[in-house]
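Asks: Line order of the protein sequences matches chains A and B.
Once you know that position 266 of the first sequence is 266 in our numbering, the rest is easy, because the numbers rise by one and skip nothing.
Basically our numbering = 1-based index in the second sequence + 522.
Ideal Cβ placement from N, Cα and C applies to all residues, glycine included.
2 protein chains.
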Amino acid sequence: LPGFASVGSGVSEAPLPEWNLNIFLPPRSTAPVYRQIAKALAHEVQRGRLQPGDSLPGYRSLAEQLGVSRNTVMAAFQDLQAQGLIVSRTGSGSEIAAAPPVATAEVSGAASDAVLLQVPARGDMGFDLATGDRPAEPGVPEELPRTAGSGPDPRLLPVEILGRAYRRALASARRNECVLGDPQGHPRLRRALGAMLASSRGIAGGPERIFVTRGSQNAFFLIAQALIEPGEAVAVERLGPRSAWKALARAGARCLPIPVDDEGLDVEALAEVAASTRLRAVLVTPRRQYPTLVTLGPSRRARLLKLASERRFAVLEWDPDFELQFEARPVAPLAADDSQGVVIHVGTLSKLLGPNLRLGFVCGPEPLMRRMKAQRADFDGGGDLVFEQAVGDLMEEGELQSHLARMHPIYRRRRDALCAALSSELGTAVQAPPPAGGLALWVKVAPEIDVNAWASRSMQLGAPFRPGSHFDFRGAAVQGLRIGFASAREEELLDIARRMGRALIPATSGHASPVAMRIEHQ
Amino acid sequence: LPGFASVGSGVSEAPLPEWNLNIFLPPRSTAPVYRQIAKALAHEVQRGRLQPGDSLPGYRSLAEQLGVSRNTVMAAFQDLQAQGLIVSRTGSGSEIAAAPPVATAEVSGAASDAVLLQVPARGDMGFDLATGDRPAEPGVPEELPRTAGSGPDPRLLPVEILGRAYRRALASARRNECVLGDPQGHPRLRRALGAMLASSRGIAGGPERIFVTRGSQNAFFLIAQALIEPGEAVAVERLGPRSAWKALARAGARCLPIPVDDEGLDVEALAEVAASTRLRAVLVTPRRQYPTLVTLGPSRRARLLKLASERRFAVLEWDPDFELQFEARPVAPLAADDSQGVVIHVGTLSKLLGPNLRLGFVCGPEPLMRRMKAQRADFDGGGDLVFEQAVGDLMEEGELQSHLARMHPIYRRRRDALCAALSSELGTAVQAPPPAGGLALWVKVAPEIDVNAWASRSMQLGAPFRPGSHFDFRGAAVQGLRIGFASAREEELLDIARRMGRALIPATSGHASPVAMRIEHQ
Chain A
1 LPGFASVGSG
11 VSEAPLPEWN
21 LNIFLPPRST
31 APVYRQIAKA
41 LAHEVQRGRL
51 QPGDSLPGYR
61 SLAEQLGVSR
71 NTVMAAFQDL
81 QAQGLIVSRT
91 GSGSEIAAAP
101 PVATAEVSGA
111 ASDAVLLQVP
121 ARGDMGFDLA
131 TGDRPAEPGV
141 PEELPRTAGS
151 GPDPRLLPVE
161 ILGRAYRRAL
171 ASARRNECVL
181 GDPQGHPRLR
191 RALGAMLASS
201 RGIAGGPERI
211 FVTRGSQNAF
221 FLIAQALIEP
231 GEAVAVERLG
241 PRSAWKALAR
251 AGARCLPIPV
261 DDEGLDVEAL
271 AEVAASTRLR
281 AVLVTPRRQY
291 PTLVTLGPSR
301 RARLLKLASE
311 RRFAVLEWDP
321 DFELQFEARP
331 VAPLAADDSQ
341 GVVIHVGTLS
351 KLLGPNLRLG
361 FVCGPEPLMR
371 RMKAQRADFD
381 GGGDLVFEQA
391 VGDLMEEGEL
401 QSHLARMHPI
411 YRRRRDALCA
421 ALSSELGTAV
431 QAPPPAGGLA
441 LWVKVAPEID
451 VNAWASRSMQ
461 LGAPFRPGSH
471 FDFRGAAVQG
481 LRIGFASARE
491 EELLDIARRM
501 GRALIPATSG
511 HASPVAMRIE
521 HQ
Chain B
523 LPGFASVGSG
533 VSEAPLPEWN
543 LNIFLPPRST
553 APVYRQIAKA
563 LAHEVQRGRL
573 QPGDSLPGYR
583 SLAEQLGVSR
593 NTVMAAFQDL
603 QAQGLIVSRT
613 GSGSEIAAAP
623 PVATAEVSGA
633 ASDAVLLQVP
643 ARGDMGFDLA
653 TGDRPAEPGV
663 PEELPRTAGS
673 GPDPRLLPVE
683 ILGRAYRRAL
693 ASARRNECVL
703 GDPQGHPRLR
713 RALGAMLASS
723 RGIAGGPERI
733 FVTRGSQNAF
743 FLIAQALIEP
753 GEAVAVERLG
763 PRSAWKALAR
773 AGARCLPIPV
783 DDEGLDVEAL
793 AEVAASTRLR
803 AVLVTPRRQY
813 PTLVTLGPSR
823 RARLLKLASE
833 RRFAVLEWDP
843 DFELQFEARP
853 VAPLAADDSQ
863 GVVIHVGTLS
873 KLLGPNLRLG
883 FVCGPEPLMR
893 RMKAQRADFD
903 GGGDLVFEQA
913 VGDLMEEGEL
923 QSHLARMHPI
933 YRRRRDALCA
943 ALSSELGTAV
953 QAPPPAGGLA
963 LWVKVAPEID
973 VNAWASRSMQ
983 LGAPFRPGSH
993 FDFRGAAVQG
1003 LRIGFASARE
1013 EELLDIARRM
1023 GRALIPATSG
1033 HASPVAMRIE
1043 HQ
């Protein structure tokens, strides 16, 4: 198509056949137009927007774009050819020469009357970023191999059903169903979530009490922004989700760590804090404590709800994996016992779908939902309604439930495989009781082992896990570790356990051993 | 399947065939187990989790779930049947009776030893929301008919190509390409955006200078959080995007309105402010001023960049519709002239794809990109990488460009149709010059017309538009209005212009006329 040539524009891996190459001429130049064009193109070469081998638009295309005659463009190209900047291409059209002159008289003078088209040097910045008293920045998420997290296996992503549902949702968006948007979440998905919560989790609450978020983290962020005033106190479990604490801190919360033991959150300790400090909320993971997986004891549950109601603080309950229950009867979420409207229940579908498919939900009192809805316009205006509708469809059709039923035996076998492998490869160095659900283990580590050092060395050997200190409020050492079992196959899990074992053996080379320990078993 | 019955759980429009109905028994009850089960089910009816007609799980299914014998469940069901709470269903299984007794002795005593499963009354909240000195809450987005906004037509959504690309991206996620995520945006999309910016907008900058956001609003939010400290001053155009100001204010910015005239932002007025106030940034829409569509004059452009560089403030440039240029040569974005790294360029693909498909981008100095990337973990962890990859694919394959080429003549005709209809229906009451691109008109309104009153009445008549005051920093009256032309067909646009005309005629009924005006034309 001689009328529509264009360029790869310096990104040689990704030639774009169809973006116009726009050349901007100075609006008030008195130079002959062909010279202006030549200078502008020369300048693009100088600053690297056009690179050797990039093809140039055809005469007609460029003439049309610039509103000049073809002859004017031809004259400009002849000028550039004479300078050695462009060459005629075999076939048709022209391209930037393989070795264009660094600077000609024409080019070096170009800045005087051509528009200055510049790119700042890498990292150049003509202004300053905020440096004041801001929440500490978290590190960019580390790029860890799979078992470091507790996500589902991407290889088990339900591509067919989700792809079909997405396409259907797109077609329905074309029929105008969700033009206007709903920052609280697509009504169909909220209805489906309401039915799921009522049936599976025992939480009665209609679509008005449900808010769809982009995963758990987004839920914590939106709740914190709606709930917390700067300087207010929020109690958290001493071992817990660091990223959630960051979302609370960003809203100005002062987080107060409360001990956790074999029955979960120490509610008596919380009561003492609540007696002396006005609490806005407590963040708790009652069914499978994050990360220790213990269950909040029955009397503590009742005491916690009573305390919250008396002191009027919110119970922010995170329950990310209720539907991933492999055996035994599930314990009810706190929200199922909440008669006073004190519980804000947070869950996620991300673990049921696939990694990076962020879809979380909040179930809580309607005034909170309305506040979150109003504020969301400032952040991003709402979620991805097409995706939300697609997942709502999958739930209403029972497809998500069927997918989950297929996943359960797979994940259960992987859990058992990792528990067995840890026991056989690490012996008494660890205790890894199989949890009744979820996608990760909490492994108790023998007291003589430096878990942080072990984690670093194990990561180097390709078997990453999170040391307990990662979950401690103050980063203190904890004799435990969290490792995901869902995203690796059984033979891969055995291999990982072996690497973890090798990482426990003190290095014999000149390298300083990261681990000082005695392993009873080996 | 008698072994897997379940319930619609009160949401009768959406029966869910496969979520288990989980019944939670009290962990320490001493009552006979069949009585515990009967009481728990009765309680679920009492609180509305189970509703008349809902089917109950089969004996075997419930026995398995609760870890009891089938006979125990049968005994419980017989008990409930005797109370009139459940009935046998024709075929198999049981369901909740059409009119279950309001409270039996059994049921009313249930709370004593069954787990309390409650739902708070609608709106009940056992805690308080933050009420302190917070940024004003915006109203929930109004549900306006199409022409109120300036979005694309959902009926022109490229369902086929986008649906295919999404499915391919899902399949590639299954092959593990984007497990780890990149909060800065999918590398393929950033590469494609880099090529587009270089070719089309004249902005040279590789993928490291590009950040993918969930639309323009999300871009403003993320930039503001990374850039601004509470209390800092940010200059804005006196007529401009209200939602962007809210994002700035949320980060603590003090927004200072600067006048706008026929050549855009009054840069001399800005210079005066900058001489007395330390500015962190200026938010500007140089190519098509939002909402007046005027172009920033050439000498003002140069002066603005020089001023920013001297005073070290950022130029936050919003250019939402560069690729929607129907005729005439496009003016270069400021970012194309930026040699000092002062410009942060914000654009969006949302208008090229479809409404609610939020996909924006930022191109700016790398240190800012890194800061935004680090902070994003707190908000939502990143965008939708599957969707981002799908759109990146469409761009690399030229599909998005082809779609755009198909849209251009359609939108151009609609623009012309609306301009003609406004002229024929409203005469000298308005002046609506056709813009060279974008998806909305800025219509100048004769001085004798009360634009706010006209807008309310026109909305009632089904022809919504935004009065100029909506865009004014202080909400003052402005003799202009913004109306989208892209999302309605030509005959619909004519109808809208007619309704706007009717809205201008003072009401004859007893209703107070919202408009006090003289129309020269009619």
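#1: For residue 218/A, does the count of other Cβ atoms within 10 angstroms reach 16, so buried, or fall short, so exposed?
#2: Among residues of its own chain, excluding the 5 on either side of residue 1040/B, which ones have a beta-carbon nearer than 7 Å to its beta-carbon?
#3: Can at least three beta-carbon pairs, one atom from the region 748-762 of chain B and one from the region 388-399 of chain A, be found at a separation below 8 Å?
#4: Check for me: the alpha helix (DSSP H) holding residue 914/B runs from which residue to which?
#5: If we cut at 8 Å on Cβ distances, does residue 312/A have a partner in chain B?
#6: Quick check: is the beta carbon of residue 128/A nearer than 8 Å to any beta carbon in chain B?
#7: Would you verify that the beta carbon of residue 934/B is, or is not, closer than 8 Å to some beta carbon of chain A?
#8: For residue 500/B, count neighbouring Cβ atoms within 10 angstroms of its own Cβ and tell me buried if that reaches 16, exposed if not.
#9: I want to verify the contact list: residues of chain B whose CB lies under 8 Å from the CB of residue 303/A, in sequence order.
#10: List, in chain order, every chain B residue whose beta-carbon is nearer than 9 Å to that of residue 243/A.
#11: Identify the residues that DSSP records as bridge partners of residue 610/B: which are they?
#12: Can you check which of these residues, 679/B, 874/B and 691/B, is closest to residue 158/A by C-alpha distance?
#13: By the criterion of Cβ-Cβ separation under 8 Å, what are the contact partners of residue 982/B in chain A?
#14: Please state whether the Cβ-Cβ distance between residue 1004/B and residue 964/B is less than 8 Å.
#15: Quick one: Cα of residue 999/B to Cα of residue 1019/B, how far?
#16: Taking 8 Å as the limit between beta carbons, can you name the residues of its chain near residue 939/B, skipping five residues before and five after?
#17: List the endpoints of the continuous alpha helix (DSSP H) containing residue 803/B.
#18: On the criterion of 16 or more Cβ atoms from any shown chain inside 10 Å, does residue 210/A qualify as buried, or is it exposed?
#19: Would you check if the distance between the CB atom of residue 415/A and the CB atom of residue 458/A is smaller than 8 Å?
#20: Using a Cβ-Cβ distance cut-off of 8 Å, determine whether residue 500/A contacts chain B.
#21: Using the beta-carbon count (16 or more within 10 Å), is residue 722/B buried or exposed?
#22: Does the distance from the CB of residue 437/A to the CB of residue 238/A come in under 8 Å?
#23: When you compare each of 806/B, 862/B and 944/B to residue 828/B by their alpha carbons, which one comes out closest?
#24: Residue range of the alpha helix (DSSP H) that residue 77/A falls in?
#25: Hey, is residue 812/B's beta-carbon within less than 8 Å of any beta-carbon in chain C?
#26: Whole angstroms is fine: what's the gap from residue 192/A's alpha carbon to residue 403/A's?
#27: Distance check for residue 241/A and residue 584/B, CA to CA, integer angstroms please.
#28: Alpha carbons only, please: which of 40/A, 264/A, 263/A and 280/A is nearest the one belonging to residue 523/A?
#29: Per DSSP, which residues does residue 473/A bridge with? Please list them.
#30: If the cut is a Cβ gap below 8 Å, which residues of chain A does residue 646/B touch?
#31: At what residues does the beta strand (DSSP E) containing residue 1002/B begin and finish?
#32: Given a cut-off of 8 Å, decide if residue 368/A and residue 316/A are closer than it, judged by their beta-carbon atoms.
#33: Whose Cβ in chain B lies nearer than 8 Å to the Cβ of residue 89/A?
#34: What is the residue span of the alpha helix (DSSP H) that residue 254/A lies within?
#35: What residues of chain A sit near residue 616/B, judged by a beta carbon separation below 9 Å?
#36: Output yes if chain A places a C-beta closer than 8 Å to the C-beta of residue 778/B; else output no.
Replies: Looking at the coordinates:
#1: Position 218 of the first sequence, counted from the first residue, corresponds to residue 218/A. With 16 or more Cβ atoms within 10 Å of its Cβ, residue 218/A is classed as buried.
#2: What you label residue 1040/B is simply residue 518 of the second sequence in a count that begins at 1. Caution applies to residue 1040/B, whose pLDDT of 40 falls short of 50 and renders its modelled position unreliable; the model cannot decide the point.
#3: no
#4: Locating residue 914/B in the second sequence gives position 392, counting from the first residue. Note, residue 914/B: alpha helix (DSSP H), 907-918.
#5: Within the first sequence, numbered from 1, the residue matching residue 312/A stands at position 312. Cβ-Cβ to chain B under 8 Å: yes for residue 312/A.
#6: By one-based count along the first sequence, residue 128/A stands at place 128. Yes, contact with chain B.
#7: Position 412 of the second sequence, counted from the first residue, corresponds to residue 934/B. Using a CB distance cut-off of 8 Å, residue 934/B does not count as an interface residue toward chain A.
#8: An answer regarding residue 500/B cannot be provided, because it is not within the stretch 523 to 1044 covered by chain B.
#9: Position 303 of the first sequence, counted from the first residue, corresponds to residue 303/A. Within chain B, no residue comes near residue 303/A; the closest Cβ sits about 13 Å away, beyond 8 Å.
#10: Counting from 1 along the first sequence, the entry for residue 243/A is found at position 243. What residue 243/A touches in chain B: 899, 900 and 903.
#11: Translated into positions along the second sequence, residue 610/B becomes position 88. Its beta-bridge partners are 616/B.
#12: Taking the first residue of the first sequence as 1, we reach residue 158/A at position 158. Ranking the options by Cα distance to residue 158/A, first place goes to 691/B.
#13: The residue given as residue 982/B occupies position 460 in the second sequence. Under the 8 Å cutoff, chain A gives no residues; its nearest Cβ is about 18 Å from residue 982/B.
#14: As a position in the second sequence, residue 1004/B is number 482, starting the count at 1. As a position in the second sequence, residue 964/B is number 442, starting the count at 1. Yes; because the gap between Cβ atoms is below 8 Å, this pair is in contact.
#15: Reading the second sequence from its first residue, position 477 is the one you call residue 999/B. Reading the second sequence from its first residue, position 497 is the one you call residue 1019/B. Roughly 22 Å between the two C-alpha positions.
#16: The count along the second sequence starts at 1 and reaches residue 939/B at position 417. These residues qualify, in order along the chain: 1007, 1012, 1015 and 1016.
#17: Here residue 803/B refers to the residue found at position 281 when the second sequence is read from its first residue. First-last for residue 803/B: 801-806, but that is the beta strand (DSSP E), not the alpha helix (DSSP H).
#18: Within the first sequence, residue 210/A is the residue found at index 210, counting from 1. Per the 10 Å Cβ criterion, buried.
#19: As a working note, residue 415/A is residue 415 in the first sequence. As a working note, residue 458/A is residue 458 in the first sequence. No. Outside cutoff.
#20: Position 500 of the first sequence, counting from 1, holds the residue named residue 500/A. No, residue 500/A does not count as interfacial toward chain B.
#21: Position 200 of the second sequence holds residue 722/B. Burial call: buried.
#22: Within the first sequence, residue 437/A is the residue found at index 437, counting from 1. Within the first sequence, residue 238/A is the residue found at index 238, counting from 1. No, Cβ-Cβ distance for residue 437/A and residue 238/A is not below 8 Å.
#23: Looking up residue 828/B in the second sequence gives position 306. Sorting 806/B, 862/B and 944/B by C-alpha distance to the C-alpha of residue 828/B places 862/B at the top.
#24: Numbered from 1 along the first sequence, position 77 holds the residue referred to as residue 77/A. It spans 70-82 - the alpha helix (DSSP H) in which residue 77/A sits, taken as one unbroken run.
#25: Absent from the structure: chain C. Protein chains present are A and B.
#26: For this step, residue 192/A is matched to residue 192 along the first sequence. For this step, residue 403/A is matched to residue 403 along the first sequence. Taking the straight line joining both Cα atoms gives about 16 Å.
#27: By one-based count along the second sequence, residue 584/B stands at place 62. By one-based count along the first sequence, residue 241/A stands at place 241. In a straight line, the C-alpha of residue 584/B is about 34 Å away from that of residue 241/A.
#28: Nothing can be reported for residue 523/A: it is not among the residues displayed for chain A, which extend from 1 to 522.
#29: As a first step, residue 473/A is located in the first sequence; it is residue number 473 there, counting from the start. Answer is none; residue 473/A lacks a bridge partner.
#30: Stepping through the second sequence from its first residue, residue 646/B is reached at position 124. Per Cβ cutoff of 8 Å: 340, 341 and 365.
#31: The residue labelled residue 1002/B in the question sits at position 480 within the second sequence. Residues 1002-1006.
#32: Counted from its first residue, the first sequence places residue 316/A at position 316. Counted from its first residue, the first sequence places residue 368/A at position 368. No. Outside cutoff.
#33: By one-based count along the first sequence, residue 89/A stands at place 89. Chain B residues near residue 89/A: none, gap ~18 Å exceeds 8 Å.
#34: Counted from its first residue, the first sequence places residue 254/A at position 254. Unbroken run through residue 254/A is the beta strand (DSSP E), 254-258; no alpha helix (DSSP H).
#35: Mapped onto the second sequence, residue 616/B falls at position 94. Here the premise fails: no neighbours, minimum Cβ distance about 16 Å.
#36: Counting from 1 along the second sequence, the entry for residue 778/B is found at position 256. It does not; no Cβ of chain A falls within 8 Å.
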